[in-house]
Amino acid sequence: MQKQPIDAQLSEQKEEQISRRRKTVLKNREVLSHLFDLSILVARLGLPFRGHDESSDSNNKGVFRELLEHQARNGDAVLREHLQNASLNCNYLSHQVQNEIIDAIGSAVHEEVVRRVISAGMYSVMMDETTDISNQEQVAISVRFIFEGAIEERFLDITAVIDTTGEALAGHLIARLESDFLSLNQAVSQSYDGAGNMSGRYRGVQARIRERYPHVTYVYCYAHNLNRLLVNVCSQEPIAKQSRLVNWSTRRRFSPAPIARDL
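So the sequence shown is numbered by full-length UniProt numbering: it starts at 1 and just counts up by one.
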C-alpha cells in the first residue's frame with residue numbers, strides 16, 4: 001500500500017484543522033446570537049443582569065443566568081448544548097462578557113439613533129444636568145426629530161462633568177454632538193430647565209449656543225415647568241409642605257452639594 005507524501009498528509013491535517021476551526025467559529029457565533037437576544041430582552045425590560053450568588057447551587061443566579069437556564073431547559077438546543085459542553089474559561093457567561101455584550105448593544109443602538117438624526121436633516125436638542133446618587137454631576141443629552149413621518153425622542157449620551165457653568169456645558173454639548181457628526185447648523189431648537197446656568201439670558205447654555213448658532217431657538221422645558229407647578233401646588237398643603245421640608249433637610253444633611261463636598 002502506497003503511503004501519501006508527507007506534504008500531502010500535512011495538507012490534509014491543515015484542512016481538517018481549518019474545517020474544525022470554522023465549525024467552532026460558527027458554533028460560537030450561534031451561541032453569542034442567542035446570548036445577545038437574551039441580553040436585549042433583559043435590557044429592554046430594565047432588569048438587573050447579575051445575581052449576588054451565581055454558583056451552580058444558588059437558588060437565584062440573577063435574571064440573566066436564570067433566563068438562560070430556563071431557555072436551555074425549554075427547547076433551546078443551542079444553549080442547552082453550550083451549558084453542557086462549554087469549558088469554564090470559555091462559556092461567555094462571566095460578568096466581563098456580559099458587560100461587553102451590553103456595550104456592543106449600546107453602541108449599535110447609539111449608531112442607529114445618530115443615523116436617524118442625520119437622515120432627518122433637522123433636529124432639536126435637550127440637555128439636563130443633575131447630581132446622581134454618588135454625588136457626581138452628570139449631564140444627559142437627548143435629541144428629538146422626525147423619522148419616517150413619526151416624532152422620535154431619543155437618549156444620546158450621559159457624561160460626568162466637573163464644570164457646570166453655562167460656557168462649559170455649552171462647549172460640552174457642541175463637542176458631544178460633533179463627535180457623532182451632528183452639527184448645530186442642522187438644529188432648530190434647544191430646550192433646558194430654568195436653572196441659571198442652563199437658561200440664563202446672558203451666560204446660560206442657551207445664550208452661549210445662540211451666540212454661535214442664532215437660528216437655534218430656545219424653548220423652555222415644559223416637563224420642568226409642570227414639575228414646578230406641581231411643587232407649588234403641593235406647597236399649599238401643610239402636611240405635604242412639611243414632608244417636603246423634612247425630606248429636603250435630610251437629603252442636605254447626608255448628601256451635601258458637590259461643590260461643598262469638594263471644598
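For each residue, glycine too, the CB sits at the ideal point set by N, CA and C.
Just so we're clear, the structure is a prediction, and the values are computed from it rather than from any experiment.
For this session: Return the chain-ordered list of same chain residues with a C-beta closer than 7 Å to the C-beta of V78, the five sequence neighbours on each side being excluded.
Result: E30, V31, H34
Exercise. Would I65 be called buried (16 or more neighbouring beta carbons within 10 Å of its own) or exposed?
Worked result: It is Arg, not Ile, that sits at residue 65 in the sequence shown. With 16 or more Cβ atoms within 10 Å of its Cβ, R65 is classed as buried.
Exercise. What three-state label does DSSP hand A195 in the structure shown?
Worked result: coil
Exercise. For T130, which of V117, R154, F145, A160 has the nearest alpha-carbon?
Worked result: A160
Problem set entry | Through-space distance from M126 to R210, alpha-carbon basis | 14 Å
Problem set entry | Whole-angstrom distance between S142 and E178, CA atom to CA atom | 14 Å
Exercise. DSSP three-state call for T165: helix, strand or coil?
Worked result: coil
For this session: Indicate whether the contact test is met: 3 or more Cβ pairs, each with one atom in the segment 197-212 and one in the segment 169-188, closer than 8 Å.
Result: yes
Exercise. Going by other Cβ atoms of all chains shown within 10 Å of its Cβ, with 16 needed for buried, is D132 buried or exposed?
Worked result: exposed
Exercise. Can G62 and G51 be called in contact, C-beta distance under 7 Å?
Worked result: yes
Exercise. Does the beta-carbon distance from G166 to R115 come in below 7 Å?
Worked result: no
Exercise. For I101, is the beta carbon positioned less than 6 Å from some heavy atom of the ligand NAD?
Worked result: Annotation note on the ligand NAD: not contained in the displayed structure, which lists no ligands.
For this session: Spatial neighbours of V188 within its chain, please: CB distance less than 8 Å, with the 5 preceding and 5 following residues excluded, ordered by chain position.
Result: M122, Y123, S124, H215, V216, T217
Exercise. Does L182 come within less than 7 Å of chain C when only Cβ atoms are used?
Worked result: Among the protein chains of the structure shown there is no chain C, as only one such chain exists.
Problem set entry | Where D128 sits in the DSSP three-state scheme | strand
For this session: Helix, strand or coil for A86, going by three-state DSSP, please let me know.
Result: coil
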